[in-house]
Amino acid sequence: LERPVTAAVPRARLLSSAVAWLRRASELQSAEGMVLLGNVLLQGVARPALRCGEGPAAESLMALVRPPVDPGAGNSVVAQGHPVVAMAVLEALELYGKAAGMGNPDASFNLGELFHAGDLVARDLARSFAYFEASAAAGDAAAQFWVGYCLHTGEHGAPQGRARHGAEMLRAAADAGHPAACFYVAQMHRNGDVAAGVAQDDAEFVTRLKQAAELGDADALCVLGELRLHGSHGEARDEASALGLFRAASEEGCGEASLLLGTMLFRGLGGPRDEQLAFRAYQRAGEQGSLDGWKHVAAALYLGQGVPEDHEAARRVLAFVKELEATHGAPAAAP
Numbered sequence: 182l183e184r185p186v187t188a189a190v191p192r193a194r195l196l197s198s199a200v201a202w203l204r205r206a207s208e209l210q211s212a213e214g215m216v217l218l219g220n221v222l223l224q225g226v227a228r229p230a231l232r233c234g235e236g237p238a239a240e241s242l243m244a245l246v247r248p249p250v251d252p253g254a255g256n257s258v259v260a261q262g263h264p265v266v267a268m269a270v271l272e273a274l275e276l277y278g279k280a281a282g283m284g285n286p287d288a289s290f291n292l293g294e295l296f297h298a299g300d301l302v303a304r305d306l307a308r309s310f311a312y313f314e315a316s317a318a319a320g321d322a323a324a325q326f327w328v329g330y331c332l333h334t335g336e337h338g339a340p341q342g343r344a345r346h347g348a349e350m351l352r353a354a355a356d357a358g359h360p361a362a363c364f365y366v367a368q369m370h371r372n373g374d375v376a377a378g379v380a381q382d383d384a385e386f387v388t389r390l391k392q393a394a395e396l397g398d399a400d401a402l403c404v405l406g407e408l409r410l411h412g413s414h415g416e417a418r419d420e421a422s423a424l425g426l427f428r429a430a431s432e433e434g435c436g437e438a439s440l441l442l443g444t445m446l447f448r449g450l451g452g453p454r455d456e457q458l459a460f461r462a463y464q465r466a467g468e469q470g471s472l473d474g475w476k477h478v479a480a481a482l483y484l485g486q487g488v489p490e491d492h493e494a495a496r497r498v499l500a501f502v503k504e505l506e507a508t509h510g511a512p513a514a515a516p
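Going by the working numbering, 382 is the number at position 201 of the sequence shown; the sequence numbering is gapless.
Right, dumping it as structure tokens:
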């Protein structure tokens, strides 16, 4: 797997050799080999979020695989009952099933993903949830977060009335260092949740929030920035720190953080006033899904703040925003 792809050693030959060894490993009851082989089979159909542990070997193998069809078109091929695709899916399901039976958390996770997505197999949320539960029971933090979220909300095939167990699962994922779980638990403590048995606790809220921020969760970085900006929940008012946190969250894809970053840059809060950087932040916010970000872009274009004045461009952006608002806030791609 670590051999470079060259004219002398083409990709297809390397992949064929790797698959042969994975088949042999699967025959020898290697759960990891089964999951990797299943991943290879399905990577050639579509690109679902498949997993198989970590390490250079797995990464090298999956890098060799190129889907023969466009990911979007792959699903239509399955829907039409393409025999080669159907065989690949069935073999992958069999491999994942065997590995899951051996206690492999990645196999259970992948089965959960497949039955939740419903593109390569018939969608079955109850079955999907059961597989995620098996992965969570084996200690997978991402599965623990998903199962905890589903139990807390009663969604995605989870049984009703188990919010308390969901909160326990979310705490387990947070304790294992899952960023989104840390933020979710923080928000539960911020507001309190009687049904889940979670008391409102500002100290626990801030502790979990900082844990999530340290792990790079974009929403946590943004919320912590807001606490620092306003000096709330025991955090000292620190505009420079808030600016840095909004910038970090913006880089991680948080549209709200990009919007706040633009506002601070425009007003000169936490650092020097910079209309050009503010405009870029507003534009990034729009690209990340913020309608308010696009509105600020339109205003900047109309008034010539940070960019040359352009009334026609401003009108086009506002028309684009109105279209998005008419479709209930569809993803705000660039106009």
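All C-beta atoms in this analysis are idealised placements derived from N, C-alpha and C, irrespective of residue type, glycine included.
Shortest alpha-carbon distance to residue i belongs to which of the options?
i	options	result
R418	L450, G378, A500	L450
A322	A298, A348, D356	D356
Q486	L203, E420, Y463	Y463
G425	L410, L301, A481	L410
R204	R194, L218, E213	L218
A311	F290, Y330, D300	F290
G467	L441, L405, D491, L484	L441
G415	T388, D305, S439	T388
C435	M369, G470, L408	G470
E213	L195, A281, A267	A281
A324	H346, M350, A438, R343	M350
L301	L223, E420, F313	L223
D491	R497, Y483, V498	Y483
E275	V216, R308, A298	V216
H337	R308, Y365, S316, A319	R308
L499	P489, V478, A344	V478
R352	G406, P340, E385	E385
State the Cα-Cα distance for the pair residue i and residue j, rounded to the nearest angstrom.
i	j	result
A238	S197	Confidence at A238 is low in this model, with a pLDDT of 49, below 50, so the placement of that residue should be treated as unreliable; the coordinate-derived value is given next. Taking the straight line from one Cα to the other gives about 15 Å.
A423	P286	39 Å
A158	M283	Residue 158 cannot be examined here, being either before or after the span of the chain that is shown, 182 to 516.
W327	L472	28 Å
T334	A354	16 Å
E504	F296	34 Å
K476	A495	9 Å
A273	A362	30 Å
Y277	A269	12 Å
V379	G329	14 Å
Q210	L306	29 Å
N220	S207	13 Å
G293	V502	37 Å
S413	E433	24 Å
L408	R194	56 Å
T508	A421	37 Å
E314	H346	12 Å
R461	A429	15 Å
H359	P489	44 Å
G452	R465	19 Å
A199	Y365	40 Å
E456	E395	30 Å
E493	A480	12 Å
For the alpha helix (DSSP H) that residue i lies in, which residues bound it at each end?
i	result
S309	306–318
V498	492–507
P453	Here P453 belongs to no alpha helix (DSSP H), and DSSP marks it neither H nor E.
A377	Run containing A377: none; DSSP gives neither H nor E here.
R343	Premise fails: R343 is in no alpha helix (DSSP H) and is neither H nor E.
L222	212–224
N372	360–372
H333	322–334
S289	286–298
H477	472–484
L390	383–395
Is the shortest distance between the beta-carbon of residue i and the beta-carbons of chain C less than 8 Å?
i	result
A429	In the structure shown, chain C does not exist; there is a single protein chain.
Alpha helix (DSSP H) runs wholly inside the stretch 406–447, at least 4 long, in chain order:
420–432
The stretch 401–421 touching the stretch 372–379, judged by at least three CB pairs closer than 8 Å
Taking a contact to require three or more Cβ pairs closer than 8 Å, the stretch 401–421 and the stretch 372–379 do not qualify as touching.
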